[in-house]
Structures are given as C-alpha cells and as structure tokens.
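Residue numbers (the working numbering): 62 to 273.
We put the beta carbon where it would ideally sit given N, CA and C, even for glycine.
Here the structure is laid out as structure tokens; the discussion comes afterwards.
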Ligand code: HEC
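Following this line, the structure appears as structure tokens:
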C-alpha cells in the first residue's frame, strides 16, 4: 500500500467511526417505513392545505346552526334586547338534588361576591377589595327580577359583574337561578315555581357530556 492509499483508508475509517457515534442528537426518522399508507395518510391531515375548498383549509367549521352532540340548544338571547330577556323563560323543573347542585354552583361562582346568604356581603366585598356592592339578592329591588333577566345577567354580566357564560352551561345557569329563586321565595319573593320535578330533568347535555 502506498502512502496516499493508506491516508484515504485511514480517513475513511475515521469518518466511519465519527458517524457511527451518536453525538446526543435524537433521531426522529424511523428509517424504513413498515406501513407507508399509515405513515403517509391518504386523507387530508387537519391542518394541511386542501385544494377542494376555496379557502384551501382542510379543517371546516360546522354548518351554521349545528348543535354538537351533548350541547344545549342555543338560547338566541342578545345582550341588547332587554325586553326579550325579561320574557325569557325555561320549562326546566328541578328536583332536590338539582337544587342542591344549584346551591353548590352558586357557592363556587357567585358567593365570593353575593355572599353565601345571598345578601351581597361576599368576602371579596366585605374585605374592601371589590368596590361595587354586589346585588343583595334578598333586597326588594331584586326579589322580583324575572328568571330571564337573571339568566341574561349570568350570560352577559352586568356592570361590575362579569359574564359566566364560559363557566356555566345552560342547565347549570338555570339550576343556580332556581336556587336563588327558592331562597328569594322564602324571603318575600314570588312563589317558587321551578322545582316541581320529582325525577332528574334529562337534558341533552346529561346523556353524553362528561365535562365542558
Ligand atoms: C365579582 C363579583 C360578582 C360575582 C362573582 C357575581 N356577581 Fe352578580 N353582581 C355583582 C355586582 C357588582 C352586581 C350589581 C350590578 C349592577 O347592577 O350594577 C351584580 C348583580 C347581580 C344580579 C342582579 C342583576 C339585575 O337584575 O340587576 C344577579 C341576579 C346576579 N348578580 C347574579 C349572579 C350570579 C348567579 C352569579 C354567579 C354565577 C354572580 N352574580 C356572580 C357582582 C358579582
């Protein structure tokens, strides 16, 4: 072997040794593909370009008016239409368990401001951290609010009170209102009418929804 040949062989060997080592780089490429039609989907992947639609998007929005399985029908209430809010109502009637659930939800979402006695003296207000006085739901001013008005307050919020639409689904909002109305009825409000059901009210949401 002459000198130049041995240099070539030596450098090849060195090269091989270096490439054989893993320099800490994690290889993501599986090498041989066992099932190419699984690796490369024949369907359009969710975020890939799609020539079949004018906007080239593969992910489509649901058709307008579609209600996803396990979700409630929309209520069509708008923030501006206070007359519609006043008249808005529900045919849902709740049993004891559901009224208790309404109370539980009230204590989670509302009592921090409105107080667990519904008197507007929640801890965030009494400790001076919240400037606006939350409504005293036992006060004559609020005793005769319609359930639709209360629903709209939960859905859209009111002045210093924010919206709870993203935290509470439609049935949960009504269960909280039923609880408030029951307490109001015991404190000089209108007769309580939302609680005649003896069995749990089935809503479409109940059958499939696990969480929101
Ligand atoms: C961050 C504090 C806060 C929380 C939490 C809160 N509220 Fe309020 N709420 C207020 C304030 C403040 C008002 C008074 C708004 C106004 O009239 O200016 C009010 C008003 C109301 C009213 C009366 C609205 C009317 O018709 O004038 C109702 C009913 C009500 N809240 C229900 C609820 C319910 C139900 C929850 C829980 C889902 C809740 N609030 C959570 C602060 C809060």
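As assigned by DSSP and simplified to three states, the class of residue i
| i | result |
| --- | --- |
| residue 269 | In this prediction, residue 269 scores a pLDDT of 46, lower than 50, which makes its location untrustworthy; the coordinate-derived value is nonetheless stated afterwards. Of the three classes helix, strand and coil, the one that applies to residue 269 here is helix, per DSSP. |
| residue 99 | helix |
| residue 232 | helix |
| residue 211 | helix |
| residue 219 | strand |
| residue 167 | helix |
| residue 175 | helix |
| residue 293 | Absent from the model: residue 293. The displayed extent of the chain is 62 to 273, so no value can be given. |
| residue 66 | helix |
| residue 128 | coil |
| residue 157 | helix |
| residue 239 | helix |
| residue 192 | coil |
| residue 246 | helix |
| residue 77 | helix |
| residue 140 | coil |
Identified DSSP bridge partners for residue i
| i | result |
| --- | --- |
| residue 118 | 110 |
CB contact flag (residue i, residue j, <7 Å)
| i | j | result |
| --- | --- | --- |
| residue 199 | residue 179 | yes |
| residue 237 | residue 166 | yes |
| residue 148 | residue 223 | no |
| residue 153 | residue 235 | yes |
| residue 176 | residue 183 | yes |
| residue 120 | residue 110 | no |
| residue 218 | residue 196 | no |
| residue 169 | residue 185 | no |
| residue 163 | residue 239 | yes |
| residue 255 | residue 114 | no |
| residue 87 | residue 94 | no |
| residue 204 | residue 249 | yes |
| residue 104 | residue 146 | no |
Residue span of the alpha helix (DSSP H) that contains residue i, given as start and end
| i | result |
| --- | --- |
| residue 144 | 143–148 |
| residue 201 | 201–204 |
| residue 184 | 184–187 |
Contact belief for residue i with residue j at Cβ below 8 Å, rounded distance in angstroms
| i | j | result |
| --- | --- | --- |
| residue 193 | residue 226 | No, residue 193 and residue 226 are not in contact; Cβ-Cβ is about 20 Å, not under 8 Å. |
| residue 215 | residue 229 | 7 Å |
heavy atom of ligand 2 below 6 Å from residue i C-beta
| i | result |
| --- | --- |
| residue 231 | This structure does not include ligand 2; its bound ligands are ligand 1. |
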